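Shown next, in structure tokens, is the structure this report addresses.
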Amino acid sequence: MVIGTLVCWSTLTGCASLPDSSTPEAIGTIEREPPSRTIVQPIPGREPDLLLRDFFAAVGDPANRHLGGRQYLTAEATAKWDDSAGTVIVDRIDVLPTDPRTDDRIGFLIRGTRVGQLQAGGIYLSEEGSYESKFVLRRENDQWRIDQLPDGVVLDSERFRESYKSRSIYFVDPSDTTTVADPRWVSVGRDQLATQLIGLLIDGPKAALAPAVHNMLDGPVSVRGPITKADGRTSSVGIGLGGIRIDFGGIAELDHRRRDLLAAQVVWTLANADVSGPYVLLADGKPLDDQHADSWTTADVAAMNPQGVAAGAAQLHALRGGALVSVVDDVPTPIPGVFGSARNLRSVAVSRDTSLIAAVADTGLPAPEPADTLLVGSYDGQPFPVAQGATITRPTWAPDNGSAWAVVDGTRVIRAVRDMSTGQVSVAETDTTALIPLGRQITELRLSRDGVRAALIIDGKAYVAVVVRSPDGGYSVTSPRPIAVGLGAAVTALDWSSGESVVLAQSASENPVTTVPVDGSRRDPLPGQNLTPPVGTVSAVPGTIYVADSRAVFRLDTGEPERDRFWREVRGLTGGQAVPVLPG
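Numbering (full-length UniProt numbering), first residue to last: 1 to 584.
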């Protein structure tokens, strides 16, 4: 199913149960066009440059083929303008006259810094470069109107964020154990958000993500009738209670497990878009699952939570003096075994279940002998070498704890794969053909906690790519996209703060740590108080970020109120020689 113009709506009030006698109220069907909105007419007698700026504000509303913006066009231009040719987002729109003004005609050069584009389905692609186009205005019925303009829409970045909101839809990872975010941008509109998001789910993931995920709503799946809101009883304080009711068709062939996965996709998509439950999910008019005949809640699909790890749940470790220590109550203690007694470790990765460790050790050999060795072993046991190179990046574990990934000599992405039955480790190459045009040196690679994406630093720039497994068991890193366009400083370290965002450290002294979403649509600088650049390492889980600067290791709890959000030093890891390590 193809969804056209994007719309959204705000939070529905939630409830704990649904009455048997409630009357469903339609909240929208899956339509190509959003409902009509109030159209603001151009100001009479408006000067042409001001009218042009009013037009750029009006096209922020995409409803009815940008009907609001069409009010600023001549009749001829209205008939010719193809607004569906794409939306270019620029950092700032400059309006510069180009042609001598006559009584009935004037031309303008529109100029700005390109930061992204919005594609069909609300897909944002970050870009960098310049934007220029020419607009011509002429008088029509004694009013200035736009007579010539390029196809598509150009939108100021501030207006874009006023008109559109980022809402993720969720698909299933290759192991069917968690959900994977696919961020989309939808325009503001109260009564259509649930309908729009379910329509996008049925349309499927963006092309780059499609080979790496499963979608239980593909193929013959459809929505039967309108998506409805079921009105519930009113509480003693008069607050209305409600929920969402969706009747799916075309899923008769889905077994019990696939129906659970479908429910997880739907529930997390709606819940994380602030569309409150409970969620009544039907299949051809009957409960999707008899065990959830009344409704589904996020608790019912908690195992598929896209966040994966609760804030503070991961045990902090640190690399200090070339050895791995566990940090409990700010007290570092060497772990048992060789990794805890070593003195030559450069970087360390602990598997999510903390049973395995991958580490890069200094060989101590003079050039041209390999300087780094990749070691893999049990948490408290004897490690053994699996690869060598002039440089090896900090390792990163796949979510199933079965393989550790690293980059050798800045170009080769390898996987140290552990045989679960024998414990033997073999090394496999990963196809990185798609990364070759981006630069010469990969200095960081971090797998997302769902294993579907990789964040990389290549020649000081940050990228997010999709990790695809082929039928023969091999892997490739595909479809890389920049995520920190216009950052202005080299990226020195990064890690996943969630399945939807990456935290970056940069060489700049101001705002040295920044978070960015996987689509690169914005940058959110984190507080800089207490940090002394440069920041050399970042390690994160949802809700908690650790960094190492030139003095010590610091922690930031991102869930705290903004006024209380600042970097707190981890006592026991001072001196500038410690590096934070979190499992996963």
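For each residue, glycine too, the CB sits at the ideal point set by N, CA and C. From a predicted model like this one, the values you see are computed outputs, not experimental measurements.
Taking the Cβ atoms as the reference, residue 386 lies roughly 5 Å from residue 427, within the contact range of under 8 Å. In this structure, the CA atom of residue 504 is about 18 Å from the CA atom of residue 559. By the criterion of a C-beta distance shorter than 6 Å, residue 208 is surrounded in its chain by 466 and 479, once the five residues flanking it on both sides are discounted. For residue 144 and residue 48, the gap between their C-alpha atoms comes out near 6 Å. A Cβ-Cβ distance of about 7 Å is found for the pair residue 462 and residue 502, placing them in contact under the 8 Å criterion.
Within the model, the alpha-carbon separation for residue 421 versus residue 507 is close to 44 Å. The three-state reading of DSSP puts residue 567 in coil, since its state is none of H, G, I, E or B. For residue 502, the three-state secondary structure derived from DSSP is strand.
The alpha helix (DSSP H) runs lying completely inside the UniProt domain "GerMN" (194-292) and spanning 4 residues or more are 256-271, given in chain order. Three or more beta-carbon pairs separated by less than 8 Å link the region 293-302 to the region 260-269, which places the two stretches in contact.
Around the beta carbon of residue 61, 16 or more other beta carbons sit within 10 angstroms, so the residue counts as buried. Residue 221 and residue 171 have their C-alpha atoms spaced approximately 15 Å apart.
Here the alpha carbons of residue 228 and residue 156 stand approximately 35 Å from one another.
With a beta-carbon spacing of about 6 Å, residue 273 and residue 193 fall inside the 8 Å limit used to define contacts. Here residue 384 is exposed. Its C-beta has fewer than 16 other C-beta atoms within 10 Å. For the pair residue 73 and residue 108, the CB atoms are not nearer than the 8 Å cut-off.
Residue 146 is positioned such that its CB atom lies closer than 8 Å to that of residue 77. Take the alpha-carbon of residue 520 and the one of residue 451: they are about 19 Å apart. Taking a C-beta distance under 8 Å as the contact criterion, residue 342 and residue 323 qualify as a contact pair. In the three-state reduction of the DSSP assignment, residue 54 falls in the helix class, which pools H, G and I.
If you check the CB distance, residue 140 and residue 485 do not come in under 8 Å. Taking each of 346, 473 and 351 in turn and checking the Cα distance to residue 363, the smallest one comes out for 346.
Contact annotation, residue 318 with residue 581: C-beta distance approximately 6 Å; criterion of less than 8 Å satisfied. The beta carbon of residue 58 sits closer than 6 Å to the beta carbons of 68 and 69 from its chain, once the five residues preceding and following it are set aside; these are given in chain order. Beta bridge pairing from DSSP links residue 143 with 140.
In terms of Cβ geometry, residue 569 and residue 530 form a close pair [threshold 8 Å]. Residue pairing for residue 365: DSSP places it in no beta bridge. In the displayed model, residue 76 falls within a helix according to three-state DSSP.
Residue 157: member of the alpha helix (DSSP H) spanning 157-163, first to last residue. Residue 562 sits in a helix when the DSSP states are folded into three classes.
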